[in-house]
Structures are given as structure tokens and as C-alpha cells.
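Heads up: the sequence shown begins at 3 in our numbering, then just goes up one per residue. For glycine and all other residues, C-beta sits at the position ideal for the given N, C-alpha and C.
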Amino acid sequence: MINQYFKFGFVRNPYDRFISYYFFTQQPKNILQAANIDRLKNILNKTNIEKTILLRPQHKFLINDEGLLVLDFIGKVETFKEDLYTVFGKLNLPEPQYYQINQSKHFNYLNYYDEELIDMINYYYKYDFELLKYPFAEKIKENKIFQERPHK
Numbered sequence: 003m004i005n006q007y008f009k010f011g012f013v014r015n016p017y018d019r020f021i022s023y024y025f026f027t028q029q030p031k032n033i034l035q036a037a038n039i040d041r042l043k044n045i046l047n048k049t050n051i052e053k054t055i056l057l058r059p060q061h062k063f064l065i066n067d068e069g070l071l072v073l074d075f076i077g078k079v080e081t082f083k084e085d086l087y088t089v090f091g092k093l094n095l096p097e098p099q100y101y102q103i104n105q106s107k108h109f110n111y112l113n114y115y116d117e118e119l120i121d122m123i124n125y126y127y128k129y130d131f132e133l134l135k136y137p138f139a140e141k142i143k144e145n146k147i148f149q150e151r152p153h154k
């Protein structure tokens with residue numbers, strides 16, 4: 003019966019998703035500390051990623067127990083507006099009114115990474131990169147920033 007319905011979901015670049023998770027978990031404390039590289043690595047080392055829904059690899063939500071994709075369409079946060087129009091078109095719905103409400107104010111996600119952290123993300127989210135066709139980051143030659151996030 004479920005096969006009669008159009009099934010869709012949205013995914014996000016694993017590097018950007020991880021940084022977004024970090025800042026999201028800082029917000030309730032109202033303490034926007036600098037994104038320290040060691041704090042970021044500790045999250046991956048000390049957190050049970052499989053049990054933390056916001057860190058769980060995205061493919062876990064998209065495939066069944068046999069490893070088969072269960073969605074008809076996978077949109078990306080990076081192309082959300084266009085992909086949302088695609089979903090509405092497939093469902094024969096009028097074009098949506100689109101307003102971006104929650105726009106984060108942090109630097110480009112790769113600015114928060116060093117080579118070790120990239121390798122960690124690549125390891126934990128390897129299948130997400132492959133299934134969702136996100137490119138693996140090239141090696142970073144130097145740390146660009148670890149400073150406070152611009153915030154309103």
C-alpha cells in the first residue's frame with residue numbers, strides 16, 4: 003500500500019550538517035562559544051552517533067533493512083527551493099510559498115575543519131557521501147578559523 007504514495011525526503015551535506023548540529027546544541031545554553039576543533043572532535047569520539055538522531059547517518063532514514071532506497075525522490079537542503087518545487091510538481095500541487103525562516107549565521111562549514119576532522123566525518127558518513135552523491139572534501143592545507151560564530 004505504501005508503494006502507491008510518492009515518498010520523498012531531504013538531506014544535507016554531512017560536513018555542513020555536523021557543524022549545524024554543533025551550533026544548534028549550543029543555542030539552548032545561550033553561550034555561543036568558539037567552535038573549537040577539539041570540541042568538534044570530542045562530539046564524534048564521545049557521542050553514540052547511531053543513537054543521536056541529529057547525528058545518525060542520513061542513509062539510515064532512507065533505506066530499508068534490505069538496503070534498498072525507500073524514497074521516490076531525495077531533495078537536498080542546498081537546493082531546497084528547487085527540490086521543493088519538484089516535490090510539489092510531482093504531487094500536482096500549486097507552487098509553494100517559500101520563506102526561509104531559520105537561516106544560520108555561521109561561516110562556510112569547511113572553515114571549521116582540519117584534516118583529521120574531515121577524515122572522521124568521511125569515516126562516519128562514508129555511505130551518506132556515496133549514496134547522496136556529495137563530494138568528499140579535499141584536504142585542507144591550514145586551519146582557517148576557529149572563532150565565534152557571527153550571530154544576531
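When you compare the CB positions of residue 46 and residue 122, do they come within less than 8 Å of one another, or not?
Yes, the Cβ-Cβ distance between residue 46 and residue 122 is below 8 Å.
Below 6 Å CB to CB, which residues in the same chain sit around residue 77 once its five sequence neighbours on both sides are set aside?
Result list for residue 77: 12, 85, in chain order.
Give the list of continuous beta strand (DSSP E) stretches no shorter than 3 residues that lie fully inside the stretch 49-99.
Complete beta strand (DSSP E) runs here, min 3: 75-78.
Mind the definition here: the stretch 123-131 touches the stretch 12-23 only if three or more C-beta pairs lie below 8 Å; say whether that holds.
Touching, per the Cβ criterion.
If you reduce the DSSP assignment to three classes, tell me which class residue 12 lands in.
Correct three-state label for residue 12: strand.
Please state if the CB of residue 95 and the CB of residue 9 are separated by a distance shorter than 8 Å.
Result no, Cβ atoms of residue 9 and residue 95 do not sit closer than 8 Å.
Would you mind reading off the limits of the alpha helix (DSSP H) that contains residue 119?
Element bounds for residue 119: 117-126.
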